[in-house]
Amino acid sequence: MKNLPGLLFSLFGLAFAFPTHSQTVSFTLKDYLTLPRSRNLHNISGIEYISGRQEWQLAEDRGAYHLFKTIHQLSDWVCEPDSNFQTGLFLEAVRYDPTLDTYFFTVENDQESYVGFKPHSLPQPGDSIRRLALPHAMPLPKKNKGIEGLAITPQYLWVAPEAGSREEARVDHPLIHFYRYKKSNGSVVFDAEFSYEIDRNVCPSDSNEALGGVSEIISVPGDETRLLVLERCYEKTTKAVTVKLYEAQVDETRRQLLKRKDKPAFDFNGRNGFRPDNLESMAWGEDVDGRKILVVMSDDNTGKNQWTQIILLEMQPN
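FYI, the numbering for the sequence shown is -22 to -1, 1 to 296, going by mature numbering (1 follows the signal peptide of the UniProt record, and there is no 0).
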């Protein structure tokens, strides 16, 4: 485990009301922590911070859900959660919308992948689940390329398939589509599809991984015009993970997400002393000086050669 000085989080007043900017977004690596295997925090596929409760929430893709109320510095992630429970769902992402008081979450199991939602709380085993109607079918479950990304803005909910819809998930097809839902009358309704150019064939040793993958998306706080998109793939022969964080500008007229492919907001690879693992989740925080911090976590798949990482990226001023 890497022991570095703790980064204090400002858990008060994290209201996600930052001003909108037209400049590009970039990050620097602030700090990171690799949890010991004995920590027993595995399979983390989703993370969310609810400022009104000062609560960090972690979702496992095998059903467990963890709540933390005592994260004041990076090393606090080694502590046990304040509480946890079983959802009975293979969760891949989770977002909470305080204006609707509703949880949105993605599920990927051996039969299907879908987006569910539930007011007030996450579902527990036996609860009924309402689903969003998707404009396209997802790839067959055996491809393990369902829906992995959710982002919430003041007006919209964004949904990102990992490798595109069933008809798009091909190595020779670089364009996939994200789906946008508009908040309306206490719920969300489908609004539009936006094309996005995904990096294909970054990890060519596995025909499935050659599809690439969007493992998470998140909005730029207070901004309807930009998303941050986390792309990663796993190279089977070298057991290396390639990960980049891209900024995507919303083009309303052409219904496109214009990706800054030439200059990622952050490249996790090629850094001395740091090797990214299977990064799958993101949430916003702030340090004590008010600088925006993006918390990124990995899914270790309970594997012998993988680890649960917590990475802090500091958002640079425009």
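Virtual Cβ for every residue (Gly too), placed ideally from N, Cα, C.
In the assembly as shown, Thr77 is an exposed residue. Its beta-carbon has fewer than 16 other beta-carbons within 10 Å. Comparing C-alpha distances from Tyr224 to each of Ser162, Thr280, Asp245, Leu13 shows the shortest one belongs to Asp245. Residue pairing by DSSP places Pro139 opposite Ile125 in a beta bridge.
Bounds of any beta strand (DSSP E) do not take in Ala147, whose DSSP letter is neither H nor E. For Leu153 and Pro242, the gap between their C-alpha atoms comes out near 18 Å.
Annotation for Glu202: Thr(-3), Thr131, Pro132, Gln133, Tyr134, Val228 place their beta carbon closer than 8 Å to its own, counting only its chain and skipping 5 residues before and after.
Listed in chain order, the non-local C-beta contacts of Arg109 below 7 Å within the same chain comprise Tyr92, Val93, Gly94, local neighbours out to five positions each way being set aside. Relative to the Cα of Asp39, the nearest Cα in the group Glu292, Glu171, Ala71, Leu13 belongs to Ala71.
According to the DSSP secondary-structure assignment, His155 is paired through a beta bridge with Ser173.
Checking the DSSP bridge columns, you'll see Glu209 partnered with Val192, Lys222. In the displayed model, Pro97 falls within a strand according to three-state DSSP. Ranking Ser185, Ile196, Ser61, Lys96 by CA distance to the CA of Glu126 puts Ile196 first.
Ile271 has Gly263, Glu292 as its beta-bridge partners, per DSSP.
The beta carbon of Tyr81 sits closer than 6 Å to the beta carbons of Tyr74, Lys96, Leu100 from its chain, once the five residues preceding and following it are set aside; these are given in chain order. Between Asn21 and Asp240, the beta carbon gap of about 34 Å keeps them out of contact (Cβ cut-off 8 Å). When the five nearest sequence neighbours on each side are left out, the beta carbons in the same chain lying within less than 6 Å of the beta carbon of Glu86 are those of Phe68, Glu70, Gly124, in order along the chain.
Taking the C-beta atoms as reference points, Val207 is found nearer than 9 Å to Tyr174.
Sixteen is the threshold: since fewer than 16 other Cβ atoms of the shown chains lie within 10 Å of the Cβ of Thr231, the residue is exposed. Membership of Ala37 in the beta strand (DSSP E) is indicated by the continuous run 33 to 38.
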